[in-house]
Amino acid sequence: MGPAVTRRRPVIFLGLSLVCSAFILTTAAEAQPTPLEIEVKAAFLAKFAAYVIWPPGAVGAADEPIQLCIIGRDPFGAELDQTVARQRVALHPFVVRRLNGTASAAGCHIAFLGGSTTQSIAAMQDALDDKPILTVTDASLGAERGMVHFALKDGRVRFHIDDARAAHGNLAISARLLSLAITVRPRTQS
Amino acid sequence: MKFASVLMRRVFAVFVPLAILLLLLAGLWVIYQGEQNYRRAQQRAAKVQSEILAASVTAALDFGDRSAAQESANALAVNPQVRNAGIYDAKGDWFAGYARTQALPRHFSIAASSVGNTIRTSAPVIRSGTRIGTVDLAVAIDPLARRLTRYATIGLLVGMTSLALAVLGYGQSALRRVNLTLAEANRELEFQMEERVRTEEQLREAQKMQALGQLTGGIAHDFNNLLAVIQGSADILLRPELPEDKRVRVTNAIIEASTRGALLTGQLLAFARRQPLKPEILDINRRILTMLEMIRPSLGPNIVLGTQLDGDLWPVNVDPGQFEAAVLNIVVNARDAMPDGGQITIRTRNVAGEEAGQHERAVVVSIQDTGCGIEPAQIRHVFEPFFTTKVVGKGTGLGLSQVYGFAAQSGGEARIKSETGKGTVVTLFLPASDKPLPARPEASSLPLIAKEPAGRILLVEDNEAVGNLAETLLGELGHAVVRARSGPEALSLADRGAEFDIVFSDVVMPGMSGVELADKLKQRRPQLPIILTTGYSEGLITAESQNFPVVRKPYRMETLAVAVDEALAMHRGH
Chain A
10 MGPAVTRRRP VIFLGLSLVC SAFILTTAAE AQPTPLEIEV KAAFLAKFAA YVIWPPGAVG
70 AADEPIQLCI IGRDPFGAEL DQTVARQRVA LHPFVVRRLN GTASAAGCHI AFLGGSTTQS
130 IAAMQDALDD KPILTVTDAS LGAERGMVHF ALKDGRVRFH IDDARAAHGN LAISARLLSL
190 AITVRPRTQS
Chain B
170 MKFASVLMRR VFAVFVPLAI LLLLLAGLWV IYQGEQNYRR AQQRAAKVQS EILAASVTAA
230 LDFGDRSAAQ ESANALAVNP QVRNAGIYDA KGDWFAGYAR TQALPRHFSI AASSVGNTIR
290 TSAPVIRSGT RIGTVDLAVA IDPLARRLTR YATIGLLVGM TSLALAVLGY GQSALRRVNL
350 TLAEANRELE FQMEERVRTE EQLREAQKMQ ALGQLTGGIA HDFNNLLAVI QGSADILLRP
410 ELPEDKRVRV TNAIIEASTR GALLTGQLLA FARRQPLKPE ILDINRRILT MLEMIRPSLG
470 PNIVLGTQLD GDLWPVNVDP GQFEAAVLNI VVNARDAMPD GGQITIRTRN VAGEEAGQHE
530 RAVVVSIQDT GCGIEPAQIR HVFEPFFTTK VVGKGTGLGL SQVYGFAAQS GGEARIKSET
590 GKGTVVTLFL PASDKPLPAR PEASSLPLIA KEPAGRILLV EDNEAVGNLA ETLLGELGHA
650 VVRARSGPEA LSLADRGAEF DIVFSDVVMP GMSGVELADK LKQRRPQLPI ILTTGYSEGL
710 ITAESQNFPV VRKPYRMETL AVAVDEALAM HRGH
């Protein structure tokens with residue numbers, strides 16, 4: 010499957026291992042995210058780690074944690090900590106760090122850019138642009154896109170992927186993940 | 170050899186079914202192995218496919234993208250062998266899938282396994298070491314019928330070979346049965362042959378005993394008659410003042426009886442085939458005429474003996490003694506066939522061409538009687554030895570068989586024609602000889618006195634009576650006689666320097682035979698003439714082979730006189 014496949018599936022279903030039951034979400038896209046939607050996104054955040062290859066040295070030894078940073082606004086709260094605590098990628102555990110800005114983002118592997126009053130999402134993105142950090146943004150928080158950009162499609166949580174930006178950060182995103190994206194901005198041929 | 174073949178048959182009988190069984194087992198094993206390999210290969214292929222599917226749906230399952238998972242599952246549908254492809258989440262609940270035949274179970278069950286023509290495999294969906302779901306794949310393999318056609322070649326091969334072996338085995342067993350039957354038949358045949366041989370042996374033995382009985386009876390009778398004549402005549406001779414003519418008649422009777430006895434023993438020896446024929450060129454007519462004088466007295470007054478002899482008869486080459494015996498035998502039979510008297514006619518003539526049979530020229534001697542004749546049923550047997558129509562003690566049954574044997578041995582033949590009540594004709598065909606008759610020796614009167622001056626003779630004879638007779642005869646001839654009873658005794662006499670000019674010795678004696686004695690004497694005195702005498706044909710042959718002159722027993726005075734004279738003449742260098 011090519012990297013630029015657009016997903017337009019009408020089926021809406023959540024079959025995640027940590028979700029016990031299924032909910033039909035309303036189509037109020039721009040409304041406040043439902044708690045379930047937030048829960049799904051929290052789960053997705055950790056799962057991305059399995060489909061991303063960091064440059065050598067970016068990830069420590071086997072038992073060293075993968076740092077999941079929430080920079081700026083935090084829509085997940087304690088839910089994220091609980092979800093992540095049970096997850097592992099290879100042998101790496103997860104650690105959640107909450108930061109106010111990108112200044113202290115060193116060591117982060119995945120960064121959810123929530124934006125803040127002092128630093129916009131775009132600014133955050135720019136600050137981390139050439140870092141080996143998978144940046145994640147959310148359509149419900151703004152139109153500015155990171156490498157992965159959550160969006161609702163047909164009432165389900167999906168995502169766009171900017172592979173070009175990932176390439177800029179020296180990250181490789183698995184084709185399997187790319188195949189699930191609503192849209193993919195392919196990395197430029199180099 | 171027989172054991173080996175039996176062993177071979179046994180081995181074969183066990184081997185054939187065993188070989189067929191092994192062949193079938195091997196065939197089945199090959200098919201089973203092929204089937205197993207096929208199934209394993211299909212299993213592996215299915216496993217690989219399920220693993221590929223598992224890998225391709227990892228992200229879709231991880232991120233709950235059912236449509237992406239479904240797409241991956243549908244991609245397998247291009248392979249018609251894939252019946253079902255189900256994707257289940259970590260808890261085993263159905264997530265997505267593709268089902269060609271029946272609906273997929275809503276919940277994954279590991280218990281479901283490969284059955285029949287379907288291979289089921291499952292593969293875990295793993296994301297970074299964590300199992301997040303399961304892929305369940307059902308792949309159809311070729312139906313059994315189609316799989317089996319792949320093994321048809323092997324089956325056919327095994328079948329054909331088994332058939333061939335079975336046919337071979339059947340053939341072998343059939344052959345074995347036939348062999349057994351054959352062996353049984355062979356045993357039966359051998360038994361019957363042995364039985365037959367035994368029976369024939371017994372029959373021969375019985376015939377021999379019967380023949381021997383007839384022979385001894387006949388001989389005893391004939392000899393008794395002769396002995397009666399000799400004894401009676403001797404008694405008469407003992408009477409004093411016997412007139413000269415009567416003395417001569419009685420003495421002649423003794424001589425005749427002895428002659429007939431000699432003929433009889435000659436027949437016996439001829440029958441025993443121990444008497445060799447001594448053919449001479451003969452004038453048959455002369456022989457017959459000479460015989461008439463001897464025959465006539467024995468025929469009795471009622472029988473007329475006549476002759477019709479061809480004056481220009483060709484000479485023949487036969488044994489004279491045997492010829493005389495044959496004529497005598499025929500005449501005696503003729504006489505016995507005419508107890509009330511009749512006519513006996515002896516005829517001779519020359520025949521040539523076809524009538525002569527196998528020879529160009531032959532002399533025919535026929536003797537005809539006017540007696541009772543022979544039954545047609547018996548005429549075929551009259552030439553057989555021991556066949557006789559006479560009562561026991563009246564004949565030996567050897568007479569006509571001697572006639573037949575003599576004729577055959579002389580190169581001719583004997584024929585008999587008879588008509589019951591009218592008489593019998595016995596005809597001898599003797600081949601004519603091209604040789605001329607020897608010059609007739611001058612008929613000498615009995616040389617009662619030896620021509621040669623008297624000599625000294627060493628007489629060796631173990632039988633006292635014969636020895637006495639010989640001593641008397643030699644003494645009558647004017648010779649001086651020294652007696653010895655055995656070979657060693659004769660040798661010791663010679664060694665002690667006893668004076669004698671010739672030796673006259675019996676051949677058959679206990680201890681040392683006359684031939685041995687002669688050899689030893691020759692070593693001592695090479696110039697000594699030795700005359701041997703014997704009644705045995707074997708002794709005769711031995712003696713003659715050593716070139717000793719032989720006088721056959723019983724001998725007449727003139728025979729003895731001639732032999733002794735010749736020896737003396739030789740000794741004296743005439």
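As you go down the protein sequences, you meet chains A and B in turn. Here the working numbering runs 9 ahead of the position in the first sequence, where the first position is 1. Here the working numbering runs 169 ahead of the position in the second sequence, where the first position is 1. All residues carry an ideal CB built from backbone N, CA and C; glycine is no exception.
Cβ pair A:L108, A:D72 closer than 8 angstroms
no
N-terminal and C-terminal residue of the beta strand (DSSP E) that B:V650 is part of
It spans 649-653 - the beta strand (DSSP E) in which B:V650 sits, taken as one unbroken run.
Under 8 angstroms, with one C-beta from each stretch per pair, do the stretch 228-237 of chain B and the stretch 336-346 of chain B reach the 3-pair mark?
no
What is the residue span of the alpha helix (DSSP H) that B:R530 lies within?
Where B:R530 is concerned, there is no enclosing alpha helix (DSSP H), although the beta strand (DSSP E) it sits in stretches over 530-538.
Helix, strand or coil: how does DSSP classify B:P489 here?
helix
Quick one: list the residues of chain B neighbouring A:L54, beta-carbon separation under 7 angstroms, in chain order.
Chain B residues near A:L54: none, gap ~12 angstroms exceeds 7 angstroms.
For chain B, find out if any of its Cβ atoms is closer than 8 angstroms to the Cβ of A:S188; answer yes or no.
Judged by the 8 angstroms Cβ criterion, A:S188 is in contact with chain B.
Just the Cα atoms here: how many angstroms apart are B:L406 and B:N637?
19 angstroms
Buried versus exposed, by CB contacts within 10 Å (16 or more), B:G522:
exposed
Who are the Cβ neighbours of B:G683 in its own chain at under 6 angstroms, not counting the five residues just before and after it?
S674, D675, V676, L701, listed in sequence order.
Please tell me whether A:R95 has its Cβ less than 8 angstroms away from any Cβ of chain B.
Output row for A:R95: interface = no.
Report yes or no: is there a C-beta of chain A within less than 8 angstroms of the C-beta of B:F277?
No, B:F277 lies away from the interface with chain A (no Cβ there is under 8 angstroms from its Cβ).
For B:V572 and B:G581, what's the separation of their Cα atoms in angstroms?
11 angstroms
DSSP on A:W63, reduced to helix/strand/coil?
coil
Could you name the residues that DSSP lists as bridge partners for B:A263?
It is worth fixing the name first, because residue 263 of chain B is Trp in this sequence and not Ala. The partner list for B:W263 (beta bridge, DSSP) reads B:Y257.
Leaving out five residues on either side along the sequence, give the residues of the same chain with a beta carbon under 7 angstroms from the beta carbon of A:G151.
G124, I130
Would a check of beta-carbon distances place A:T197 closer than 8 angstroms to chain B?
no
Which chain B residues are close to A:A99, counting only those with a beta carbon under 7 angstroms from its beta carbon?
Chain B residues near A:A99: S297, G298.
Cβ-Cβ separation, A:P42 to A:P84 (assumed contact under 8 angstroms), whole Å:
7 angstroms
If you measure beta-carbon to beta-carbon, which residues of the stretch 217-250 of chain B are closer than 7 angstroms to chain A?
T227, A228, A229, D231, F232, G233, D234, R235, S236, A237
Secondary structure of B:T596, DSSP reduced to three states
strand
Proximal chain B residues relative to A:A59, where beta-carbon distance stays under 8 angstroms:
Neighbours of A:A59 on chain B, chain order: D231, R296, S297.
Length of the line joining the Cα atoms of A:I33 and B:R319
Low confidence applies to A:I33: its pLDDT is 37, below 50, so where it sits in the model is not reliable, and the reading given next is rough at best. The straight-line gap from Cα to Cα measures roughly 56 angstroms.
Hey, does A:S125 have any beta-carbon neighbour from chain B nearer than 8 angstroms?
It does not: the Cβ of A:S125 has no partner Cβ on chain B nearer than 8 angstroms.
Is there a C-beta anywhere in chain B that falls below 8 angstroms from the one on A:S149?
no
If you compare alpha carbons, which of B:G203, B:A494, B:R356 is closest to B:L317?
B:G203
Helix, strand or coil for B:F510 per DSSP?
In the sequence on display, residue 510 of chain B carries Gly and not Phe. Reduced to three states, the DSSP call for B:G510 is coil.
State yes or no: is the C-beta of B:R693 within less than 8 angstroms of the C-beta of B:A663?
Yes, Cβ-Cβ distance for B:R693 and B:A663 is below 8 angstroms.
Kindly indicate if chain B contains any beta-carbon less than 8 angstroms away from that of A:R106.
no
Short of 6 angstroms in beta carbon distance, which residues of its chain neighbour B:N498, apart from the five on each side in sequence? Order them along the chain.
Here the set comprises G568, Q571, V572.
Please report the residue range of the alpha helix (DSSP H) in which B:R269 lies.
B:R269 -> no alpha helix (DSSP H), and no H or E assigned at all.
Determine the direct distance from the alpha carbon of B:M739 to that of B:M681, and round the result to whole angstroms.
26 angstroms
Same chain, Cβ closer than 6 angstroms to B:S236, five either side skipped, listed in chain order
none
Between the alpha carbons of A:S113 and A:G66, how many angstroms are there, rounded?
19 angstroms
Please state whether the Cβ-Cβ distance between B:L597 and B:V533 is less than 8 angstroms.
yes
Whole angstroms is fine: what's the gap from B:H390's alpha carbon to B:T428's?
16 angstroms
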